[in-house]
Amino acid sequence: MIKSLLTLTERRLDRAKQEQWQVQSAIRALQQQLTDIQSRIAILTTQIALYEQSAELSKMAFWESQRLKAALLAEIAHLQYQTESINTEMTRYEQSRKNIVVRMFALRNKCEKFQNYLKQQHRARRLKSERQQQNEIEELSAYGNSKTGVE
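Take the sequence shown: its letter number 103 is residue 103 in the UniProt record's numbering, and every next letter is one higher.
Here's what the structure looks like:
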């Protein structure tokens, strides 16, 4: 019974480890996305600065520059929204990871308790068996001594 509980708990621990690995992998992927988005925002900001530094332009060129600048600002706003969404998702994954760590700690403790109990039971059976053998040896030697004493 205890052995099957130990096996079940070990399986649950293995599943929790697998789940932790998946969550950590998702967090790493989100961190990479954040890095990529931040790089893209930096590039777009540089492009906007270039549009602002344009020398004297004709009216058409000026308005074209303003239109492109507005498009870049819109893209930056979209990327910042994505960043916020990713940060929210990462917070959720971090909380999930913390919950998994707590669950794994509890499962490890259960496994250790079951293992210790099984070791203790094994030792108790072994000692009982040794005592029984010792008693049998003593009985046989006492029986053997009494038999030789009668003759």
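Ideal Cβ placement from N, Cα and C applies to all residues, glycine included.
Residue i and residue j closer than 9 Å at C-beta
| i | j | result |
| --- | --- | --- |
| N87 | L44 | no |
| I27 | L79 | no |
| Q47 | L13 | no |
| F114 | L6 | yes |
| Q120 | T83 | no |
| E89 | L30 | yes |
Chain-order list of residues whose beta-carbon lies under 7 Å from that of residue i (same chain, five-residue window excluded)
| i | result |
| --- | --- |
| Y117 | I2 |
| K110 | T9 |
Nearest neighbour of residue i, chosen from the options [CA to CA]
| i | options | result |
| --- | --- | --- |
| R69 | T83, Q53, S58 and Q24 | The sequence shown places Lys at residue 69, rather than the Arg named in the question. Of the listed residues, the one whose Cα sits closest to K69 is Q53. |
| Q66 | L127, A49 and L140 | A49 |
| W21 | A61, E56 and Y93 | Y93 |
| R11 | L107, E138, E139 and A124 | L107 |
| A16 | T7, Q31, N99 and Q38 | N99 |
| D36 | E64, C111, I76 and I137 | I76 |
| T9 | L140, E112 and E56 | E112 |
Coarse secondary structure for residue i, derived from DSSP in three states
| i | result |
| --- | --- |
| M60 | helix |
| Q33 | helix |
| L90 | Per the sequence presented here, residue 90 reads as Met, with Leu not at that position. It is helical. |
| Q53 | coil |
| E151 | Note that E151 has pLDDT 48, beneath the 50 cutoff, so the model's placement of it is unreliable and no number is given. |
| M104 | helix |
Cβ-based neighbour list, residue i, same chain, cut-off 6 Å, excluding 5 preceding and 5 following
| i | result |
| --- | --- |
| S96 | V23 |
Beta-carbon proximity list for residue i, same chain, < 8 Å, skipping 5 on both sides
| i | result |
| --- | --- |
| V150 | Model confidence at V150 stands at a pLDDT of 49, short of 50, so the residue's coordinates are unreliable; what they give is reported in the following sentence. Closer than 8 Å at Cβ, skipping near neighbours: no residue. |
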